[in-house]
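Notes to accompany the following structure.
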Amino acid sequence: MGGSSGVGDEEVEAEAAAAAEVTGRGGARGDVGGGEGRYYTPQTPPPPENTLDVFMDGDTIPIHTTITSSHSLAAQFINEIARERPQGGLIVGIDTEWRTDHLPDGKTCYKVAVLQLCVGRRCLVFQIYQASNMVPRELTEFLADPSVRFVGVAVNNDMQRLANDCNLRVACAVDLRYAAAAVLGQPELARAGLKRLALTVMGAHMEKEKNITKSRWGEPTLTWEQVNYACIDAYVSYEIGRRLLSGEPILAAPL
């Protein structure tokens, strides 16, 4: 989760470094879900704009994932999920991935390259950098809707970068660390990362590979590994938020 700098857990520290010069192709596998659950995708690389399904072992319901830099496809995704307003209000998993910019003075800064949104089993991986940091009106209005709760770990870091890089404002952001600490009565979770929250709230073991965290997120075509990583981060954020904020019984991890 590229926007989770300095918030605890090993993977969060890795993300703060962002965007090392790593690429890779081929089929992607990773662990998420109870025990040894895995997600996978076919081996054929996707076209630059595509919708694919991400699965987990033992789960026949896919996560439908749209990967695009197209304004029209991003707007279509937003319009479809915005129509689905559950009684308790809409909860959206949100995350960003970053690219590295090298400044003339030798310093390094990080810019938003990818924005992920997830609702239920639908995920958008929007390549903002490839869209020249321009976004469709539908996305701007959706993020600014105060009735929609956008949930993530260290979500304020993501919000600040979206504001600075893309002039996007998020009206209602919920940091899952503090939500988990309050709902579960465990103050130490206020310093947790996504891996620990997934284990505590969902009973899910989640692997986050540093070489994917640091990979080239600003490239025109993302690898399968990147797509899976981005999708799972946003989906797990959504699931944690849904369970914490909707009053659903929490599946605590065994001690």
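If you read the sequence shown in the UniProt record's numbering, its first letter stands for residue 1, the second for the next number, and so on. Even for Gly, the Cβ is constructed at its ideal location relative to N, Cα and C.
Is there contact between the segment 158-169 and the segment 138-145, where contact requires at least three CB pairs shorter than 8 angstroms? yes
Is the segment 212-220 touching the segment 97-106 in the sense that three or more CB pairs, one from each, lie closer than 8 angstroms? yes
Note down, in chain order, each residue of its chain lying with its Cβ closer than 8 angstroms to the Cβ of Arg-161, except the 5 sequence neighbours on either side. Gly-3, Thr-96, Trp-98, Tyr-110, Lys-111 and Val-112
If Thr-65 sits next to Leu-52, beta carbons under 8 angstroms apart, how far is it from one beta carbon to the other, in whole angstroms? 5 angstroms
Best match in Gly-218, Val-151, Leu-222 and Tyr-235 for proximity to Tyr-129 [C-alpha to C-alpha]: Gly-218
So, with DSSP's three-state summary, where would you put Thr-66? When secondary structure is reduced to three states using DSSP, Thr-66 falls in the strand class.
Neighbourhood of Met-134 by C-beta distance below 6 angstroms, restricted to the same chain and skipping five residues each side: The answer is none, since no qualifying residue turns up.
Within 8 angstroms, do at least three Cβ pairs link the segment 120-129 to the segment 217-237? yes
Can you check which of these residues, Arg-137, Val-151 and Pro-104, is closest to Val-119 by C-alpha distance? Nearest neighbour of Val-119 by Cα position, chosen from Arg-137, Val-151 and Pro-104, turns out to be Val-151.
Would you call Tyr-229 buried or exposed, if buried means 16 or more other Cβ atoms sit within 10 Å of its Cβ? buried
Leu-245 in three-state terms, based on DSSP: helix
Whole-angstrom Cβ separation of Gln-127 and Thr-68, contact assumed at under 8 angstroms? Confirmed, about 7 angstroms.
To the nearest angstrom, report how far apart Gly-247 and Val-114 are at their CA atoms. Roughly 31 angstroms separates the two Cα atoms.
Could you name the residues of the same chain whose beta carbon sits closer than 6 angstroms to that of Val-155, not counting the 5 residues immediately before and after it, in chain order? Ala-173 and Asp-175
Taking the alpha carbon of Leu-244 as the point to measure from, which residue in Leu-184, His-205, Ala-192 and Glu-209 has its own alpha carbon closest? Leu-184
Going by Cα to Cα distance, which pick from Ala-192, Arg-191, Ala-180 and Gly-89 is closest to Ile-240? Checking every option, the nearest Cα to that of Ile-240 belongs to Ala-180.
Would you call the CB atoms of Ile-63 and Val-54 closer than 7 angstroms? yes
Are there 16 or more other CB atoms within 10 angstroms of the CB of Asn-157, so buried, or fewer, so exposed? buried
Let me know if Gly-26 comes out buried or exposed under the rule of 16 or more other beta-carbons within 10 Å of its beta-carbon. Bear in mind that a pLDDT of 35 at Gly-26, under 50, signals an unreliable position, so the number given afterwards is only what the model happens to contain. Burial call: exposed.
DSSP beta-bridge partners for Ile-250? When beta bridges are read from the DSSP output, Ile-250 appears opposite no residue.
According to the Cβ coordinates, are Val-148 and Leu-117 closer than 7 angstroms? no
How would you label Arg-29, buried or exposed, when you count the other beta carbons within 10 angstroms and need 16 or more for buried? Below a pLDDT of 50, predicted positions are generally treated as unreliable, and Arg-29, at 38, falls in that range; no measurement from the model is reported.
By DSSP, does Val-92 sit in helix, in strand, or in coil? strand
In whole angstroms, what separates the C-alpha of Ala-204 from that of Ile-250? Rounded to whole angstroms, Ala-204 and Ile-250 show a C-alpha spacing of 12 angstroms.
Going by beta carbon distance, what residues of the same chain come within less than 7 angstroms of Gly-89, once the five residues before and after it are set aside? Ser-147 and Arg-149
Here's the rule: buried if 16 or more other CB atoms are within 10 angstroms of the residue's CB, otherwise exposed. What is Arg-242? buried
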